[in-house]
Every structure is written in C-alpha cells, then in structure tokens.
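Colleague: Read left to right, the sequence shown gives residues 10 to 357 (our numbering). Don't be surprised by glycine CBs; every beta carbon is placed ideally from N, CA and C. Questions regarding the structure given below will be posed in turn.
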Amino acid sequence: MQVLRIATARPYKVLIGKGILSDAGQIIKPLRNYNKIAIITDDQVLGLYAKVLKDSLTRTGMEVCVFAFPNGERSKNCGILKEIYSFLIREEITRSDLIIALGGGVVGDMAGFAAATYMRGIDYVQIPTTLISQTDSSVGGKTAVNLDQGKNLMGLFYQPRLVICDVGLIQETFLFREGVGEVIKYGLLADRSLFALLERGEMEESLEEVVARCVEIKGKLVSADERDQNRRQLLNLGHTLGHGVEKISNYRIPHGVAICIGMAIMLSACVHNGLLDPIIYHRLLKILEQYNLPSTFEEAGLKELVKAAITDKKRLGDDINIVLCKDIGNCIVQRIPIDELYGFLKKS
Ligand SMILES: NC(=O)c1ccc[n+]([C@@H]2O[C@H](COP(=O)([O-])OP(=O)(O)OC[C@H]3O[C@@H](n4cnc5c(N)ncnc54)[C@H](O)[C@@H]3O)[C@@H](O)[C@H]2O)c1
Ligand SMILES: [Zn+2]
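Written out as structure tokens, the structure is:
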C-alpha cells in the first residue's frame with residue numbers, strides 16, 4: 010500500500026492499494042471517535058461494494074447507515090441533495106459523525122458538497138470506485154452540484170479527512186477507458202515515464218503505481234494552490250474544449266472521453282502555433298488510438314465548440330485561461346482574450 014500526504018491547510022492522507030476496502034474500518038477508526046457513519050453511494054455501487062464497507066466498519070463497533078441515489082450524472086442535482094440532507098437529519102447525524110462517499114465522481118462531488126454544508130460542515134472520507142475518481146475527483150476538495158444551467162455551477166472547496174483508493178475495485182470495470190484521458194493528462198503535465206508507460210500499454214498491470222503517480226501530481230498542484238487561483242489550473246489541460254464537447258453532446262460523451270478530444274485539439278493548435286514538437290502530438294494520438302479514445306469531434310464545427318467552451322466557468326470577463334503544452338512536463342496556463350481563442354485553435 011502507498012501512502013501519500015496532501016499538504017493542504019488541513020492535510021490528509023491518500024491510501025492506495027489493492028483490496029484495502031475491507032480494511033476501511035480499521036483505517037477510519039483511529040481518525041476520530043465518530044459516533045455514527047453515514048455511507049452515501051449510488052444504486053449501482055450499493056450492490057457491488059457497500060456490504061464489504063459496512064461489514065468492515067461494523068466489525069470495529071461503529072454504527073452505520075446507508076443512503077443510495079440513482080447512479081449517473083443526472084443525479085448530481087439539488088433534488089437529490091435535498092434527499093441526502095433529509096436522510097442525514099432522519100438518521101440524526103451530527104457534527105461528531107462522519108460521511109463516507111463510496112462511488113465515482115458523482116457520489117464524491119455530491120457527498121462532499123453535502124458534508125461541506127450540512128450543519129456548516131462535517132468530516133467526510135472519500136472512497137472512490139472509478140479510475141476518474143481515484144486519479145482525480147477524490148483528491149483536492151472540489152465538491153459540486155449541477156444546476157439546470159450547467160455543470161458544477163454550485164460548489165465549495167472542502168477537503169476530505171482521508172481518501173482510500175482500492176485499485177482492485179477499478180480493475181475490471183467497463184468504465185476503465187473513460188478514466189484513461191485523465192491519466193494521459195497527468196503524463197503530459199508532469200511525468201514522462203507515466204506517458205511512456207501508457208505508450209507501452211502497461212497501465213492495467215501497474216494500476217497501483219499509476220494511481221499513485223496521478224495523485225502525487227495532483228496533490229502537489231492542490232497543495233501549492235488549494236483554491237485554484239493559478240498553478241492548479243494546469244489540471245484543466247484539455248478541459249475547456251472538453252466541457253464544450255460534453256455540453257454539445259448533451260453529456261452523452263462522458264467527461265473523460267471529452268477531455269481526450271479537448272487535449273488533441275489543444276496540442277494540435279500548439280503544434281501549429283509553433284509551440285510544440287509535432288512528435289509529442291503524434292505520440293498522444295497513438296495512445297488515444299490504443300485505448301480506442303477519440304481525437305476529433307464530428308458533431309460540431311470549431312466555432313460552435315469554442316462558443317460552448319467559453320461559457321465555461323473558467324471564463325474571466327473578456328478573457329479565458331487556457332492550458333498550453335510546450336513539451337511533456339512543460340505546460341503553462343495562458344490568459345488570452347476570448348476573441349483570440351478561435352483564431353489560435355483555427356490554425357490547427
Ligand atoms: N471534484 C473534482 O475535482 C472532479 C474532477 C473530475 C471529475 N469530477 C466529476 O466526476 C464525475 C465523473 O466521475 P465518474 O466517471 O466516476 O462518474 P460516476 O460517478 O457517474 O460513475 C460512473 C458510473 O460507474 C458506476 N460505478 C462506479 N464505480 C464502479 C465500479 N467500481 N464498478 C462498476 N461500476 C461502477 C456508477 O454507478 C456510475 O453509473 C462528473 O460529475 C465530474 O464532474 C469531479
Ligand atoms: Zn477532468
């Protein structure tokens with residue numbers, strides 16, 4: 010098992026290992042003497058892993074209650090949030106209790122937001138069960154709920170007390186491919202050997218190491234810039250255009266797949282603007298192909314895509330921050346006028 014430390018204002022550990030879900034009780038018990046634990050999950054994960062977690066917690070003498078909502082992005086809304094609050098009140102959860110988010114990014118974002126706001130904030134632990142949530146959303150404390158007008162528009166920064174990544178849970182899932190985009194992103198941002206490992210197609214057999222590398226890179230950026238004012242924005246590589254893809258496809262194209270298209274368009278533009286060696290772009294395309302991930306978006310023209318992207322919350326008045334790639338391990342955040350984004354990308 011690997012143990013990483015995230016050095017935010019209130020630091021916490023990320024434990025990464027295979028089969029550690031069944032040790033959750035022993036791991037969580039020493040954190041604090043919690044009276045009761047509220048597990049929040051979705052109806053799919055409920056049937057897969059809730060029992061193992063619940064048994065592990067009850068073995069250490071903790072009282073446990075469970076709430077599950079329908080799985081999928083559509084549940085990331087205020088109606089379900091209200092149901093979570095009602096459940097917490099019904100179960101008489103107080104500030105001396107703990108919430109556990111057991112699931113993918115949707116559960117993590119929703120349960121994290123509920124933990125941040127219920128009774129002005131109670132402790133929570135993330136137990137992510139997808140590749141995206143293990144490598145990305147469970148670490149860093151961004152919590153969010155979608156509004157009718159767009160994704161993640163209501164949110165808070167609220168760090169968990171602990172993150173437990175059992176890589177055994179993600180090994181077999183059909184969703185694996187959807188998370189590969191985020192791993193590629195970490196490779197491009199900061200890790201030549203991770204990028205090379207992806208090229209060699211060795212990801213599946215090196216999952217513990219891969220998740221640890223991603224968490225380490227994210228942890229460093231989050232520790233340096235907890236509230237996403239500067240360096241942390243590097244994590245948005247491929248995301249501005251990716252969010253445009255998600256939006257135009259009406260969220261049919263999942264986040265992890267959409268950002269692959271976003272990264273490919275951005276790296277191609279970097280090549281054509283003389284910032285990046287074309288070899289890196291072609292290496293990216295090869296990895297995408299290897300994992301059957303797209304690099305183009307046929308459903309909309311570049312103009313429409315840019316329009317959808319600039320309504321993104323990364324917009325700063327008339328400017329927008331984009332992430333440029335100059336080399337593997339050398340990406341920068343660049344603020345440009347919105348009017349210039351299309352011209353920059355059009356060159357590609
Ligand atoms: N907070 C952040 O920093 C951050 C970062 C990236 C993404 N996100 C958010 O995360 C969400 C995407 O996360 P996701 O891809 O994990 O989606 P998700 O939570 O919707 O999970 C996808 C599906 O997989 C199922 N599932 C989960 N674990 C499983 C397992 N081990 N085996 C089989 N099925 C399983 C779920 O029930 C669900 O149907 C988006 O809402 C996105 O906005 C947040
Ligand atoms: Zn992402």
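Checking the sheet assignment: what are the DSSP bridge partners for A47?
Modeller: C74, I108
Colleague: Report the rounded CA-to-CA distance for M212 versus Q299, giving the unit in angstroms.
Modeller: 12 Å
Colleague: Let me check you understand the geometry: is the CB of A153 closer than 7 Å to at least one non-hydrogen atom of ligand 1?
Modeller: Under cutoff, so the answer is yes.
Colleague: Which full runs of the alpha helix (DSSP H) of 4+ residues lie inside the region 273-350, going along the chain?
Modeller: Runs of the alpha helix (DSSP H) lying entirely within the region 273-350, each at least 4 residues long, are 287-299, 311-319 in chain order.
Colleague: Do you know how far the Cα of I102 is from the Cα of K85?
Modeller: 22 Å
Colleague: Alpha carbon to alpha carbon, how far is D286 from K356? Give it in angstroms, no decimals.
Modeller: Using only the alpha carbons, I get a separation of about 15 Å.
Colleague: Looking at the strands, I want to know which residues DSSP matches up with Y167.
Modeller: Paired residue(s): none; Y167 is not in a bridge.
Colleague: When you compare only the Cα positions, how much space is there between L230 and Q143?
Modeller: 16 Å
Colleague: Report whether the distance from the Cβ of I262 to the nearest heavy atom of ligand 2 is below 7 Å.
Modeller: no
Colleague: On the DSSP bridge list, what partners appear for D175?
Modeller: G26
Colleague: Tell me T137's beta-bridge partners as DSSP assigns them.
Modeller: Position check: residue 137 holds Pro in this sequence, whereas Thr was assumed. Per DSSP, G112.
Colleague: Would you report the Cα separation of I136 and D175, rounded to the nearest angstrom?
Modeller: Their Cα atoms are separated by approximately 8 Å.
Colleague: Is it the case that the CB of D145 approaches a heavy atom of ligand 2 more closely than 7 Å?
Modeller: yes
Colleague: From which residue to which residue does the beta strand (DSSP E) around I15 run?
Modeller: 11-15
Colleague: Using the Cα positions of L198 and K295, report the straight-line distance between them to the nearest angstrom.
Modeller: Cα to Cα, L198 sits roughly 17 Å from K295.
Colleague: CA-CA distance, Q53 and T305?
Modeller: Cα-Cα distance, rounded: 31 Å.
Colleague: Are the Cβ atoms of A273 and F353 separated by less than 8 Å?
Modeller: For A273 and F353, no; Cβs fall outside 8 Å.
Colleague: Buried or exposed: M119, going by 16 or more other Cβ atoms within 10 Å of its Cβ?
Modeller: buried
Colleague: Would you mind stating whether E187 and V266 have Cβ atoms separated by less than 8 Å?
Modeller: yes
Colleague: Short check: CB of I15 to CB of S232, under 8 Å?
Modeller: yes
Colleague: Under the rule that 16 or more other beta-carbon atoms within 10 Å means buried, what is L246, buried or exposed?
Modeller: Classification for L246: buried.
Colleague: Restricting to Cα atoms, I'd like to know which of Y260, R241, L302 is closest to T17.
Modeller: R241
Colleague: Give a yes or no on contact between the region 61-73 and the region 90-99, applying the rule of three or more CB pairs nearer than 8 Å.
Modeller: no
Colleague: Taking only three categories from DSSP, how would you classify K356?
Modeller: coil
Colleague: How about G114 and T152: do their beta carbons lie closer than 8 Å?
Modeller: no
Colleague: How many whole angstroms separate the CB atoms of Y290 and L276, which I take to be in contact at a CB cut-off of 8 Å?
Modeller: 5 Å
Colleague: According to the Cβ coordinates, are F122 and G149 closer than 8 Å?
Modeller: Result no, Cβ atoms of F122 and G149 do not sit closer than 8 Å.
Colleague: Please go through the same chain and pick out, in chain order, the residues whose beta-carbon is closer than 6 Å to the beta-carbon of I268, but skip the five residues on each side of it.
Modeller: Excluding positions up to five away in sequence, the list reads G190, G247, H248, G251.
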